[in-house]
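Structure first, commentary second.
Residue numbers (my numbering): 181 to 608.
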């Protein structure tokens, strides 16, 4: 006879899963997760389809980088104002508006393509408008995570949110490849439009978080931005992370923009093959975020930040030198693992350190630098690719990123000492 007091096997499994991924202990996060997965799969479908569409229209690596830059450039100018809005108004409401706007832009681009009227100016304008939406959406989403889970589980929530982004990079590009091959790029944009419905439904189901505007004194927006900047630049950890993420944004992340060029020119791949490249990198990224969620409370975060960045730099350089596809897949897998482990850890460190009064503004600064500096990297790698080839262009970025990772290892003891003095001054 079975002992009724013995724990059910299912409950033991659930307990182990919650220990590894504590963010799922929150009902709100469990409601948010599936909708965001579906939406991000659609987003990656659009990213792949857009890069492929531009390459088909112009056959120019520079134009691929230009369109990518147009979608991220507004973040550089609008994110700080977005942070003020995020600190003043209900974040769930902001997200409902931004997700709806992004859905409409996807439908419009799809209609242009399906009707045969799409041109480079149309793609650039719609990409720019989507960038304007994301300048508000991204800091709102990052700040909203802190409302869905307990503070001690925030690291796990951020890692899982990053896993959504990168896990969808496995699925989305592969689906995009099949859709493009079967029905063209326009169908991929329409499918992305419908995918936003999932995250909108998830947000509507979240009742107990983000319903009220964050508290705080309503100062002039410009003064509010200044307050956020002063706080960020005076805080040793936040200041260091912002500088390092700027280097990552310009010299590391831009390799994603060049994957359509590498797929077509180096490996003679079609859209389906491009999806495999994105997918392999995404698999590595998912593994990186799982490591962060499981071990960030027991392993020094500097191991993830510096070690992940070094692994990324060396693996990406090796990827650009290999012509054997299985080995290229392996190095690309390591690229995703290293880079995302580092970025997810930096974001979690930032969220765990920041004062709640400045959360929206600090996250907007972080995302302004991370996403807003990407146009610089996209244009830089696109121009260098036209001049010297895609491989050398990417390797230059790898070298700069590697040097920065080594520098932060030596600089970290000073950052910790400055932070201890900063906390004593704040408490005193």
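Glycine included, every Cβ here is placed at the ideal spot set by N, Cα and C.
Asked	Found
Got a sec, what are the start and stop residues for the alpha helix (DSSP H) residue 259 sits in?	241-268
Expressed to the nearest angstrom, what Euclidean distance is found between the alpha-carbon atoms of residue 574 and residue 582?	12 Å
How many angstroms separate the CA atom of residue 185 from the CA atom of residue 270?	Because residue 185 sits at a pLDDT of 44, beneath the cut-off of 50, its placement in the model cannot be relied upon, and the following sentence gives the value as read from the coordinates. Looking at the two C-alpha atoms, the distance is approximately 45 Å.
Thinking just about the alpha-carbon of each residue, which of 563, 256, 320 and 223 is nearest to the one in residue 435?	563
Secondary structure at residue 567, three-state DSSP: helix, strand or coil?	helix
What residue range is occupied by the uninterrupted alpha helix (DSSP H) comprising residue 203?	Run containing residue 203: none; DSSP gives neither H nor E here.
Am I right that residue 293 and residue 238 are in contact with their C-beta atoms under 8 Å? What's the rounded C-beta distance?	Going by Cβ atoms, the distance from residue 293 to residue 238 rounds to 15 Å, so no, they are not a contact pair.
With DSSP run on the structure shown, which of helix, strand or coil describes residue 330?	coil
Consult DSSP for residue 338 and reduce its assignment to one of helix, strand or coil.	helix
Check for me: the alpha helix (DSSP H) holding residue 472 runs from which residue to which?	451-475
With a cut-off of 9 Å, does the C-beta of residue 291 fall near any C-beta of chain B?	The question asks about chain B, but that chain is absent: this structure has only one protein chain.
Jot down the residue ranges of each uninterrupted beta strand (DSSP E) in the segment 299-330, minimum 3 residues, whole runs only, in chain order.	none
May I have the straight-line CA-CA distance separating residue 183 from residue 420, to the nearest angstrom?	In this prediction, residue 183 has a pLDDT of 46, which is less than 50 and means its spatial position is unreliable; what the coordinates show is noted afterwards. Whole-angstrom Cα-Cα distance: 55 Å.
If you follow the alpha helix (DSSP H) that residue 435 is in, where does it begin and where does it stop?	No alpha helix (DSSP H) contains residue 435, which DSSP labels as neither H nor E.
Would you check if the distance between the CB atom of residue 518 and the CB atom of residue 466 is smaller than 9 Å?	no
State the CB to CB distance for the pair residue 451 and residue 361, rounded to an integer number of angstroms; the pair is presumed to be in contact (CB under 8 Å).	6 Å
Could you give the residue range of the alpha helix (DSSP H) that holds residue 365?	365-385
If residue 308 and residue 373 are in contact, beta carbons under 8 Å, what's the gap, nearest whole angstrom?	Not really, about 18 Å apart at Cβ, beyond 8 Å.
How about residue 540 and residue 319: are their beta carbons less than 9 Å apart?	yes
Excluding the 5 residues preceding and the 5 following residue 382 in the sequence, name in chain order all residues of the same chain whose CB lies nearer than 6 Å to its CB.	211, 212 and 215
Applying the criterion that 16 or more other CB atoms from any shown protein chain within 10 Å of the CB defines a buried residue, is residue 579 buried or exposed?	exposed
Between residue 512 and residue 492, how many whole angstroms is the CB-CB distance? I'm expecting something under 8 Å.	Their Cβ separation, rounded to whole angstroms, is 11 Å, which puts residue 512 and residue 492 out of contact at 8 Å.
For residue 418, which of helix, strand or coil comes out of DSSP?	helix
Whole-angstrom Cβ separation of residue 348 and residue 224, contact assumed at under 8 Å?	5 Å
Would you mind sorting residue 390 into buried or exposed? The rule is 16 or more other CB atoms within 10 Å of its CB.	For residue 390, the pLDDT reaches just 47, beneath the cut-off of 50, and the residue's location in the model is therefore unreliable, leaving the point undetermined.
Rounded to whole angstroms, what's the CA-CA distance from residue 369 to residue 248? Just pull it up for me.	16 Å
Count the other CB atoms, across all protein chains shown, that sit within 10 Å of the CB of residue 254; report buried if there are 16 or more and exposed otherwise.	buried
Do the segment 314-330 and the segment 262-279 touch if we need at least three Cβ pairs shorter than 8 Å?	yes
By the 10 Å Cβ neighbour count, where 16 or more other Cβ atoms means buried, how is residue 392 classified, buried or exposed?	Because the pLDDT at residue 392 is just 46, under 50, the model does not fix this residue reliably, and the value given afterwards should be weighed accordingly. Label assigned to residue 392: exposed.
Just verifying my parser: in three-state terms, what is the DSSP assignment at residue 504?	coil
Once you ignore the five residues that flank residue 404 on each side, which residues in its own chain have a CB closer than 6 Å to its CB?	264
Under 9 Å between the Cβ atoms of residue 489 and residue 585?	yes
Does the beta-carbon of residue 332 have 16 or more other beta-carbons within 10 angstroms, so that it is buried, or is it exposed?	exposed
Mapping DSSP to helix, strand and coil, what is residue 536?	helix
Residue 480 by DSSP, collapsed to three states: which one?	coil
Which residues in the same chain have their Cβ closer than 7 Å to the Cβ of residue 520, if we skip the five residues on either side of it in sequence?	342, 346, 465, 468 and 469
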